[in-house]
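**Student:**
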Amino acid sequence: MTMLAPSRPNDTLTRHMLYPFTNASYAAKNPPLVIEGGEGVYIIDSEGRRYIDGQAGLWNVNVGHGRDEIKQAIRDQLEKISYYSQFGGTTTTPSVVLAERLCAMASHEGMARAFYSSGGSEANEAAFKLVRQYWRHVGEPNRHKIISLKRAYHGVTLGALSANGTPAYKEHFEPLLAGFSQVETPHVYRNPFTEDPEALGRLCAELLDREITYQGPKSVAAFIAEPVQGAGGVIVPPANFWPLIRAVCDKHGVLLISDEVVTGFGRLGSMFGSRHWGVKPDIMVFAKGINSGYVPLGATVMNKRVADAFVTEDESQFTMAAFWHGNTYAGHPLACAAALANLDIVEREHLDRNAGEVGSHLLARLRDVQQRHPTMGDVRGLGLMIGIELVKNPDTKEAFAASANYGSRIAEKCKQQGVLLRNLGDTFILSPPLVLTKAQADTIADTFESAITDVGRI
52 MTMLAPSRPN DTLTRHMLYP FTNASYAAKN PPLVIEGGEG VYIIDSEGRR YIDGQAGLWN
112 VNVGHGRDEI KQAIRDQLEK ISYYSQFGGT TTTPSVVLAE RLCAMASHEG MARAFYSSGG
172 SEANEAAFKL VRQYWRHVGE PNRHKIISLK RAYHGVTLGA LSANGTPAYK EHFEPLLAGF
232 SQVETPHVYR NPFTEDPEAL GRLCAELLDR EITYQGPKSV AAFIAEPVQG AGGVIVPPAN
292 FWPLIRAVCD KHGVLLISDE VVTGFGRLGS MFGSRHWGVK PDIMVFAKGI NSGYVPLGAT
352 VMNKRVADAF VTEDESQFTM AAFWHGNTYA GHPLACAAAL ANLDIVEREH LDRNAGEVGS
412 HLLARLRDVQ QRHPTMGDVR GLGLMIGIEL VKNPDTKEAF AASANYGSRI AEKCKQQGVL
472 LRNLGDTFIL SPPLVLTKAQ ADTIADTFES AITDVGRI
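Numbers 52 to 509, taken from the working numbering, label the letters of the sequence shown in order.
Printed below as a string of C-alpha cells:
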C-alpha cells in the first residue's frame, strides 16, 4: 500500500525549485501536482487522488509503476554493489549482461556493441561524437555534419539541441554548434506540399537527398530521425519515408541514426520503431523504455560496421582507436539491473503486441470522438503513441490563439476527472504505460470527450 507524505503548502513547492520549461512566476501561481505513489497505469497524488497516467511519467514508464520485479532487481544489486565505474579497466556484471541483451534484441538490425549514458540527451550526444570519430577512423575526417528533421526533438545537451528542429527549444541558447542542419519533416496534416502521404514521403526523402548534395556528401556524417516524432507533435511519417531515407543514406554513404528514445521497446507496437518500417539503422539510441525510468539510463548501440572502427590489433593504436567519450554514471549497475528486469517484463508480457492492440483501440475511440467534436482537427498515432491536435477551424486548420489556453483548459478538466494528459499548447500527447487495457483506454477516450464538451468551442 502506498504511504502518502504530508501535504506541503503550495509556496514550498516553488520557493526553491526551478522547474523544466516553466516560468518561476507561473509555477508559483500554478503549483505542480505532487505525485507520491504509483500502481500500474495509475499515479496517486499527495491528497490520495488517483489518476490514469496518460503520459507514462514522460513517455518512459512502459511497464507501469511499482513493478515488484524491478524493485527487487535493484534491491538485489544494492546488496552486491551500488555503483562502480567503467573507467580504468573496470566494469560491473549488469552492464555486461545488458549489453549482450540489447544486441541480441536488436540482432535483426545487426547491432553489435552498446555504449551507456545517463539518459536520452546524452545517448544522442554520444551518437554524434561516435559518428564523427568513426569517420576519422576510416579515413574520412571531413565527414562531420549531422542532418535532422524540422520539428525533431533529440534532447537538451548542446549537440542534441543543435539537432533539434523546433526553434523554440533553441533560440535561448544560440549560437549553437556548427555542422547541423534540418530538412522538411513528413507531416501529413501540416505541410506546404501535398495531402498525398506517399507523394509527401517521396518529396521529403528527395529533400534529404538534395540537402546532402548541397552540403557535399563527403562532409555529411549522419542523418538522425525519430521513427515517429514525439515532442514535435506525434508526427507519423508516410509508410514509404523510412525505406526511402535509408536508400538516400546508402546512396551517399551517410550513416543512419534512429532515435529510439521514445519508440524503443514496444511503444509503436513493434519492439523498435525502425523495425516497424522494416529499416535497419547503423546506430540506435535508447533511453526511457529501456528500464521504464526506474533508474536513469541511456544506451547508444551500433552495428558491426561502426563498431569495427573502434577495434584494432595494433597495440600502438589502442589509445587512438578508443572512443574518447564517457560519463561517470555510464552503465550504472542499479540502472542496468533495472533494465534487465524491465526487458524481462516487456518480452514475457508481449508489451509490444499489447501496445499495438490497445493503441489501435484507443486511436479508433478517439477518432470516433473526433466525429462529434470538430475542434479535434487531427487524431494521429501508432501503437500507444497518439497525438490530438486541436484547431479553431477544422476546414482551414487555423489554430487557436495562444491566449485562449484551449488545450490547457481541456487538460485541467481531464485531470479533475482522474486522467493526467500532457499537452504542448493545443496538441495532446498520449503515451500511457504499455500495460494499458482496453477498458482503461476507454476511460481515457470518454474523459477526453467529457472534457472537450465541458470546455466547449471558443
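The C-beta atom is built at its ideal place from N, Cα and C for all residues, glycine as well.
Should E440 be labelled buried (16 or more other beta-carbon atoms within 10 Å of its own) or exposed?
**Tutor:** Mapped onto the sequence shown, residue 440 falls at position 389. Classification of E440: buried, given that the 10 Å Cβ count is 16 or more.
**Student:** Counting along the chain, where does the alpha helix (DSSP H) carrying I461 start and finish?
**Tutor:** Your numbering for residue 461 matches position 410 in the sequence shown. Its alpha helix (DSSP H) spans residues Y457 to Q467.
**Student:** Could you check the C-alpha separation between A214 and Y220 for me, to the nearest Å?
**Tutor:** As a position in the sequence shown, residue 214 is number 163, starting the count at 1. As a position in the sequence shown, residue 220 is number 169, starting the count at 1. Going by the C-alpha atoms only, they are around 11 Å apart.
**Student:** By a C-beta neighbour count over all protein chains shown, 10 Å radius and 16 as the cutoff for buried, is W375 buried or exposed?
**Tutor:** Working through the sequence shown from its first residue, we reach residue 375 at position 324. W375 should be labelled exposed.
**Student:** Evaluate contact between the region 248-255 and the region 176-196, counting only Cβ atoms and requiring at least three cross-stretch pairs below 8 Å.
**Tutor:** Taking 8 Å as the limit for Cβ pairs, the verdict is that the region 176-196 does not touch the region 248-255.
**Student:** Please list, in chain order, all residues of the same chain as L481 whose beta carbon is under 6 Å from its beta carbon, the five residues on each side excluded.
**Tutor:** To locate residue 481, count along the sequence shown from 1; it is residue 430. So the qualifying residues of the chain are G105 and I437.
**Student:** Under three-state DSSP, which class holds A256?
**Tutor:** The count along the sequence shown starts at 1 and reaches residue 256 at position 205. Three-state result, A256: helix.
**Student:** Where do the ends of the alpha helix (DSSP H) carrying S146 lie?
**Tutor:** Sequence index remark: in the sequence shown, residue 146 carries index 95 (1-based). From DSSP, the alpha helix (DSSP H) with S146 extends over T144 to M156.
**Student:** Which residues does DSSP pair with T478 in a beta bridge?
**Tutor:** The residue given as residue 478 occupies position 427 in the sequence shown. T478 is bridged to E440 and L475.
**Student:** Return the CA-CA distance between A273 and V346, expressed in angstroms with no decimal places.
**Tutor:** To locate residue 273, count along the sequence shown from 1; it is residue 222. To locate residue 346, count along the sequence shown from 1; it is residue 295. Their backbone Cα atoms lie some 30 Å apart in a straight line.
**Student:** Please confirm if the region 347-364 is in contact with the region 319-326, defined as three or more CB-CB distances below 8 Å between the two stretches.
**Tutor:** These segments do not touch.
**Student:** Could you work out which residue in P237, R416, V285 and F292 is closest to V313 when comparing CA atoms only?
**Tutor:** Taking the first residue of the sequence shown as 1, we reach residue 313 at position 262. Ranking P237, R416, V285 and F292 by Cα distance to V313 puts V285 first.
**Student:** Please work out which residues of its chain come closer than 8 Å, Cβ to Cβ, to P192, disregarding the five sequence neighbours upstream and downstream, and give them in chain order.
**Tutor:** In the sequence shown, residue 192 corresponds to position 141, counting from 1. These residues qualify, in order along the chain: W186.
**Student:** Buried or exposed for I132, please, with buried defined as at least 16 other CB atoms from any protein chain shown within 10 angstroms of its CB.
**Tutor:** For the purposes of this step, residue 132 is identified with residue 81 of the sequence shown, where counting begins at 1. Looking at its Cβ environment, which holds fewer than 16 other Cβ atoms inside 10 Å, I132 is exposed.
**Student:** What do you reckon, are the CB atoms on A386 and N342 nearer than 8 Å?
**Tutor:** Along the sequence shown, read from residue 1 onward, the residue named residue 386 stands at position 335. Along the sequence shown, read from residue 1 onward, the residue named residue 342 stands at position 291. Cβ atoms of A386 and N342: closer than 8 Å.
**Student:** Pick from T478, T494, D477 and A462: whose alpha carbon is nearest that of A502?
**Tutor:** As a working note, residue 502 is residue 451 in the sequence shown. Cα-wise, what sits closest to A502 is A462.
**Student:** Within this structure, are the beta carbons of E222 and S325 separated by less than 8 Å?
**Tutor:** Locating residue 222 in the sequence shown gives position 171, where the first residue counts as 1. Locating residue 325 in the sequence shown gives position 274, where the first residue counts as 1. Against a cut-off of 8 Å, the Cβ pair of S325 and E222 comes out as no contact.
**Student:** Counting pairs of Cβ atoms below 8 Å between the region 488-498 and the region 452-472, do you hit three or more?
**Tutor:** With the cut-off at 8 Å, the region 488-498 and the region 452-472 touch.
**Student:** Okay, do the region 386-403 and the region 93-109 touch, 3+ Cβ pairs below 8 Å being the bar?
**Tutor:** Short answer: they don't touch.
**Student:** By the three-class DSSP mapping on this structure, what secondary structure does H303 have?
**Tutor:** Taking the sequence shown and counting its residues from 1, the one referred to as residue 303 is at position 252. DSSP places H303 in helix when its eight states are reduced to three.
**Student:** Going by beta-carbon coordinates alone, are S309 and P278 separated by less than 8 Å?
**Tutor:** One-based indexing of the sequence shown puts residue 309 at position 258. One-based indexing of the sequence shown puts residue 278 at position 227. Contact flag set, yes.
**Student:** Looking only at its chain, what residues have a beta carbon closer than 8 Å to the beta carbon of C154, apart from the 5 residues adjacent to it on each side?
**Tutor:** The residue given as residue 154 occupies position 103 in the sequence shown. Within the same chain, C154 has close Cβ partners M162, A163, R164, A165 and V352.
**Student:** Identify whether M52 lies in helix, strand or coil by the three-state DSSP scheme.
**Tutor:** Residue mapping note: residue 52 aligns to position 1 of the sequence shown, counting from 1. With a pLDDT of 44 at M52, under the threshold of 50, the modelled position of this residue cannot be trusted, and the question is left open.
**Student:** I need the straight-line Cα distance from M335 to D505, nearest angstrom please.
**Tutor:** Residue numbering aside, residue 335 sits at position 284 when the sequence shown is read from its first letter. Residue numbering aside, residue 505 sits at position 454 when the sequence shown is read from its first letter. Between M335 and D505, the C-alpha separation is close to 43 Å.
**Student:** To the nearest angstrom, how far is the alpha carbon of I197 from that of D62?
**Tutor:** Here residue 197 is taken as the residue at index 146 of the sequence shown, counted from 1. Here residue 62 is taken as the residue at index 11 of the sequence shown, counted from 1. Looking at the two C-alpha atoms, the distance is approximately 44 Å.
**Student:** Would P71 be called buried (16 or more neighbouring beta carbons within 10 Å of its own) or exposed?
**Tutor:** Indexing the sequence shown from 1 puts residue 71 at position 20. The residue in question, P71, is exposed, as its Cβ has fewer than 16 Cβ neighbours within 10 Å.
**Student:** Please classify G368 as buried or exposed, where buried requires at least 16 neighbouring CB atoms within 10 angstroms.
**Tutor:** For the purposes of this step, residue 368 is taken as the residue at position 317 of the sequence shown. Before going on, a small fix: residue 368 reads as Gln here, not Gly. It counts as exposed.
**Student:** What three-state label does DSSP hand R318 in the structure shown?
**Tutor:** As a position in the sequence shown, residue 318 is number 267, starting the count at 1. Of the three classes helix, strand and coil, the one that applies to R318 here is coil, per DSSP.
**Student:** Helix or strand or just coil, what does DSSP make of Y204?
**Tutor:** Against the sequence shown, residue 204 aligns to sequence position 153. Three-state result, Y204: coil.
**Student:** Alpha carbon to alpha carbon, what distance is there between L69 and L181?
**Tutor:** As a first step, residue 181 is located in the sequence shown; it is residue number 130 there, counting from the start. As a first step, residue 69 is located in the sequence shown; it is residue number 18 there, counting from the start. Between L181 and L69, the C-alpha separation is close to 33 Å.
**Student:** Roughly how many angstroms lie between the CA atoms of Q123 and G315, to the nearest whole one?
**Tutor:** Your numbering for residue 123 matches position 72 in the sequence shown. Your numbering for residue 315 matches position 264 in the sequence shown. One C-alpha to the other measures close to 24 Å.
**Student:** Going by beta-carbon coordinates alone, are G458 and N474 separated by less than 8 Å?
**Tutor:** By one-based count along the sequence shown, residue 458 stands at place 407. By one-based count along the sequence shown, residue 474 stands at place 423. A contact, by the Cβ cut-off of 8 Å.
**Student:** What number of angstroms, rounded off, separates the C-alpha of A78 from the C-alpha of A358?
**Tutor:** As a working note, residue 78 is residue 27 in the sequence shown. As a working note, residue 358 is residue 307 in the sequence shown. Whole-angstrom Cα-Cα distance: 46 Å.
**Student:** In angstroms, rounded to a whole number, what distance separates the CA positions of G432 and A415?
**Tutor:** On the sequence shown, position 381 is the one that residue 432 refers to. On the sequence shown, position 364 is the one that residue 415 refers to. The alpha-carbon atoms of G432 and A415 are separated by roughly 10 Å.
**Student:** May I ask you to report which of helix, strand or coil DSSP gives A276?
**Tutor:** Translated into positions along the sequence shown, residue 276 becomes position 225. Of the three classes helix, strand and coil, the one that applies to A276 here is strand, per DSSP.
**Student:** What is the DSSP secondary structure of N26, reduced to helix, strand or coil?
**Tutor:** Because the chain is modelled from 52 through 509, residue 26 falls outside the range shown and cannot be assessed.
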